[in-house]
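As structure tokens, the structure follows; a few thoughts come after it.
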Amino acid sequence: MHFIFISQFLSFLVILCISGEDFYHLLGISREADNKAIRRAFKKLALIKHPDKNPNDDNAQKEFVKIYRAYEVLMDEELRKKYDQYGEEGLSDNFRGNYQYQSWQFYKDNFGIYDEDKEIVTLSRSDFERTVSETDEIWFINFYSTFCSHCHQLAPTWRKFAQEMEDVLRIGAVNCAEDPMLCHSQGVMGYPSLVIYPHRHFFRGERQLKQIVAFAMEYVTGVVLQLTDSDIDLFKMKKNEKYTNGWLLDFCEQRSDDCLSELNRKKLAANLHGLVNVAKVNCDESLELCTLFGRKSGMIYFRPDDERKPSEAWTINSLDFKEIAATVLNYVPDLPYIDKMLEKIVEAEIRDHSFLIRFDSGKMDNNIDLKKLLAKVTTNEIEVYLADCSKAKDICENLKLTKLPKWVLFKKQGSYEIYHGKMETIHDIAQFATESHSSPLVTLTLETYTSAINSGDEWLIDYYAPWCPPCLRLLKELRRLHNYVENIKIGTFDCDQHGDICKKANINAYPNILWRSGDRYSARAGYLDVSAIAEFIEDARNPIVVSLSPSDFDSLVLDRKQGTVWLVDFYAPWCGPCNQLAPEYKKLARNMRMKEFIHFGMVDCDHHRHLCKNLGIQSYPTIRLYSSGFVPMDYPSNWWRDHRSMEVWLRNYLPSKVIIMGSDLFAKVLNDDEPWLIDFFVTWCSHCIEFAPVFEHIAEIFEGRVKFAKVDCGLWPNVCQNVGVTVYPTVRFYSGSRGNHIQIANGVHIESQNADTIIHQVENELTKIDLLYKTEL
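What follows is the structure, encoded as structure tokens:
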């Protein structure tokens, strides 16, 4: 008997089976497209292809449904992940598109409110978690709904706000019609809601531009200093440990009109934070300081460490804060080139700190955005430099930097990581540097890869290609893995550079992760989020699904002890739906691990064909239950293959503390003097499916104190109607009849589906019963 980790060492081939036209091609977008690009592409097509626009075209409806289906799938993070990995075949088990598209007028006037606004970042769930929740950046986010008239009324004001406040703080928008769960998780109960992060403070004022700006300015980063003559030494010394950057000084007299407004000063302080010190000098009170610079009014930029005298400082001839910021950034020093130290940094096994280096071919012109990068990299343990590959050809060739420019982070703890994202996005580059600096993830060369494979140490190796969008998304998740899993080494191996090695390892799909520890290994293809990766590693470390050989099957399953239950997944490694099922099947096994009498197995029908043929297995995957008192039965082919649905089905054949009731509810419960807790549900309700195992768990906790039952309102609608149940699931507590009096049919409504909350409420009801009983005595 051997343990299996979903697939043997990289042995399965992910089959991309697309029954129709490729969704990306259908929308005219690349596979790297973000949600904004997907919406924009769909809107463009909708305005042309919509049936309302083509009333005389008999195929218009059919063609538009195809486009709408592609849009629905690619906008859903989970469905897109399955589509990228398995094609349309991978959607059959999850996707129930309703094709209830809107009118042409809706797409023209109401759809994608902020998709054309470059200053506003439209955020998906994954974007939100990574760029908002897990950072200290100041964000102001508009939670809106496409169907909300007040949201559309606010839109012009929000655009003006974004244009005015760009680069002062980050401005976002979340469409709650597309992701209601994200909005609910953020406490958003109405639209539009304007929320500042990371404080999570809601704007409660009048939705006018002035009021919104004033609210946002209370939270922006950046301080305006008030200088006096006592600060004059700051400008007489070449270096100052406290203020290492240059100065933007606003000289004012009481009667002068050349002063900036307090608002614009603070905007500049936020915009230039980390690059320039912003200060005001009152020349009516600080004559000595104003004399040093030869000014009584106006603005200047000055660096104490350059060759200019204070009286020769650069003059800023504008009162517009964006013009001032752009002018000042031209004066801020460029990122330095690193030449002599480069070889030493690259070859070092341990470094004093991390180095973020941009490799390019030849010297580059002054780049204002790159200057901002210094301020965006928030840790002092990362230094930022430029490197010229025309002067360091050997280094660039050894790093295999064939496409330039390219950012590389050389880590303090050793090794390095290459950035494969968008080169022009400073926020993304800074986030990459910060995450990579704190992550143990390393880039594996041919030598270090061979060493890792042969070391016997516990490794997670990611086989990827830099042109593969799911690969790049997975890299972001791997950088966070150390926060979820301890004591494991993490490496990436570029199959674009080492194609022959990846072929020998039977890598047929990207990305592909391999867990290896000693002679044990497990592999998984496709994108996973960090939680799923952690689950994959836990399964590999402590497997709870048994790989069954024919002899194992005979001894463990067919000759099982009385009361023992086996659930067996019959699969083939090349089968896409089988690979989709595998993680859900493992999750089911983990959820049921407290029940010692139930075991989970898997049979590789490609390897054990004779066994599967003898058992009558005709399609993959087949999930079969072997339980005492029942003939072997297969999981229904028309049920979803997720762990919750499988658990609901499985529990129907397991000993349960919850009895099934129908019309006998009134006789058994309302006349009983003992307490009951009843779950009213319907089989088509996803929340009911999720709640079913929770209810079973609660029943086990209250065994001997409360009786439990469930009523299927799909089978017994009159019963549910008579007790006033109209939504599902509904949980009712019946305290028990007193003095031969029948209880009221409605019982006590438990307004929660959370186990702890229900347990607390039931305990309170039991306490009331005890007090009532003592009073009666």
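Quick note, in our numbering, the sequence shown goes up one by one and the last residue is 819. C-beta: ideal position from N, C-alpha, C; glycine also.
Secondary structure in the region 711-775: the alpha helix (DSSP H) runs of 4 residues or longer, each lying completely within the stretch, are 728-743 and 759-764 in chain order. Linking residue 299 to residue 323 through their CA atoms gives a straight-line distance of about 14 Å. Taken in chain order, the complete alpha helix (DSSP H) segments of 4 residues or longer contained in the region 519-552 are 541-546. For residue 83, the enclosing alpha helix (DSSP H) covers residues 77-91.
For residue 253 and residue 199, the gap between their C-alpha atoms comes out near 11 Å. In the structure shown, residue 809 falls within a helical segment according to DSSP collapsed to helix, strand and coil.
With respect to the C-alpha of residue 210, the residue from 283, 235 and 313 having the closest C-alpha is 313.
Checking the DSSP bridge columns, you'll see residue 400 partnered with 428 and 449. The region 481-493 makes no contact with the region 421-430: fewer than 3 CB pairs, one atom from each, lie closer than 8 Å.
Just measuring C-alpha positions, the residue of 801, 731 and 353 sitting nearest residue 291 is 353. Contact between residue 710 and residue 750 fails: their C-beta atoms lie close to 12 Å from each other, not under 8 Å. Residue nearest to residue 501 within the set 443, 583, 186 and 434 is 583 (criterion: CA-CA distance). Relative to the Cα of residue 233, the nearest Cα in the group 432, 753 and 244 belongs to 244.
The continuous beta strand (DSSP E) containing residue 294 extends over residues 288-294. The DSSP-derived three-state label of residue 276 is helix.
In the assembly as shown, residue 625 is a buried residue. Its beta-carbon has 16 or more other beta-carbons within 10 Å. According to the DSSP assignment, residue 459 belongs to the beta strand (DSSP E) that extends over 458-460. For the options 172, 178 and 222, the alpha carbon positioned closest to that of residue 188 is the one of 222.
Secondary structure note for residue 559: its beta strand (DSSP E) is the uninterrupted segment 554-559. The criterion of a C-beta distance shorter than 9 Å is not satisfied by residue 586 and residue 567. Using a Cβ distance threshold of 9 Å, residue 450 and residue 413 do not count as a contacting pair.
Of the residues assessed, residue 256 falls on the exposed side of the cut-off, its CB having fewer than 16 other CB atoms within 10 angstroms. Nearest in C-alpha terms to residue 772, of all of 758, 753 and 785, is 753.
In the DSSP secondary-structure assignment, residue 564 is bridged to 557. Check the Cα spacing between residue 517 and each of 529, 537, 498 and 462: the tightest is with 462. Residue 236 sits in a strand when the DSSP states are folded into three classes.
Taking 9 Å as the cut-off, the beta carbon of residue 471 is found closer than this to the beta carbon of residue 415.
Considering only 604, 505, 648 and 204, the residue with the shortest C-alpha distance to residue 671 is 604.
Of the candidates 365, 202 and 128, the residue whose Cα lies closest to the Cα of residue 159 is 202. Inclusion of residue 535 and residue 569 in the CB contact set at 9 Å is not warranted, their separation being larger than that value. DSSP places residue 263 in no beta strand (DSSP E); its state is neither H nor E. Between residue 370 and residue 358, the gap from beta carbon to beta carbon is short of 9 Å. With a cut-off of 8 Å on Cβ pairs, the region 640-656 is in contact with the region 591-606, counting three or more such pairs. DSSP, read as helix, strand or coil, puts residue 783 in strand. Non-local C-beta neighbours of residue 360 in its own chain, meaning closer than 6 Å and more than five positions away in sequence, comprise 366, ordered along the chain. Close CB contacts of residue 717 within its chain, under the 6 Å cut and outside five residues either way in sequence, are with 748, 777 and 778 (chain order).
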